[in-house]
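S.K.:
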Amino acid sequence: MGNEFIVKKHLGTIKFEEFTLKLGLGMEPSLVTWMQDSLSRASSRRSGTIAECDLNNAPILQREFQDALISEISFPTMDATSREAGFITLKFSPESVRRVAAREKCFLSKPKPWITANFKVELEGLDTTRVSKIDSFGIKIKIRSASGRVGGQESASPEFSNLRLTIGNTSLKGWQEWHDSFLIQGNSDERNEKAGFIIILAPDLKEIARIKLDNVGMIKMSSTTGIANDRGAQTVVDLYVEKMEFIPGK
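Residue numbering for the sequence shown follows my numbering, beginning at 172 and increasing consecutively.
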């Protein structure tokens, strides 16, 4: 029997799996700069080492990565009734990874304490004192691989997710007016978009970080539970955001 019926197989472009990190606030300045560069549409690459350690902080395994690009930054749901610790999820895609002998002892930095109930929202011209919840949100950046056996990679412009806020109806007057003007009357150009911040607070309510929001527009408003004039009633507001910037506290 000849080889005419054998289908030859070929290896494609090498693709290394993404790394996913859970980060507390108070991270290294170089990591903050990398995040900020990526959010500002700069194709910012970083090389470094990921160390896996035992309970005594002794290194078990180290992996060196080269020319990594951030592919996602996400923030957890922030809820005034929550008691959960908050972490930022960071994903990045390396061009290459190799295992190296474990060498240096691990030193773990202590993150700033952050409970996801501790936050506030500021949005120009609106009463935000009754915002009780922000659904999880983030930024995704598509990574394009080049052709070839070991291809390079390039990042596209960041895509900012929509924001979903839950707001008590007792502070809804300005939101309703903006909704009617922006959506019903069609005054939805850039002049009628908003700017503002999501501010993350420590247990003592001191600011530890903020996310700057630019070109914020209304998508829709919808009632949740309760009667419209009931103090316990809430409304869900969906917003688009064209740009976000992460600003750490000092």
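Backbone N, C-alpha and C fix where the C-beta goes; we use that ideal spot for every residue, glycine too.
(1) Residue range of the beta strand (DSSP E) that K414 falls in?
(2) For the alpha helix (DSSP H) that contains E348, what are its first and last residues?
(3) How far does the beta strand (DSSP E) with T220 in it reach, from first residue to last?
(4) Using the DSSP secondary-structure output, state which residues sit across from V178 in a beta bridge.
(5) By how many angstroms is the C-alpha of L226 removed from the C-alpha of L384?
(6) Please classify L343 as buried or exposed, where buried requires at least 16 other C-beta atoms within 10 Å of its C-beta.
(7) Is T341 helix, strand or coil by DSSP?
(8) Output yes or no for whether 8 Å exceeds the beta carbon distance between R315 and I338.
(9) For T395, I'd like the list of residues in its chain whose CB is within less than 6 Å of its CB, leaving aside the five on either flank, ordered along the chain.
(10) Leaving out five residues on either side along the sequence, give the residues of the same chain with a beta carbon under 6 Å from the beta carbon of T248.
(11) Would you say P425 and P282 are within 8 Å of each other, going by their C-beta atoms?
(12) Tell me whether the region 269 to 276 and the region 230 to 247 touch, counting them as touching only if at least three CB pairs, one residue from each stretch, are closer than 8 Å.
(13) DSSP three-state call for M198: helix, strand or coil?
M.R.: In short:
(1) Q405 to P419
(2) K344 to H350
(3) R217 to C224
(4) DSSP output for V178 lists no bridge partner at all.
(5) 40 Å
(6) buried
(7) helix
(8) no
(9) Q405 and V407
(10) D306 and S307
(11) Any property of residue 425 remains undetermined from this structure, which presents the chain solely from 172 to 421.
(12) yes
(13) coil
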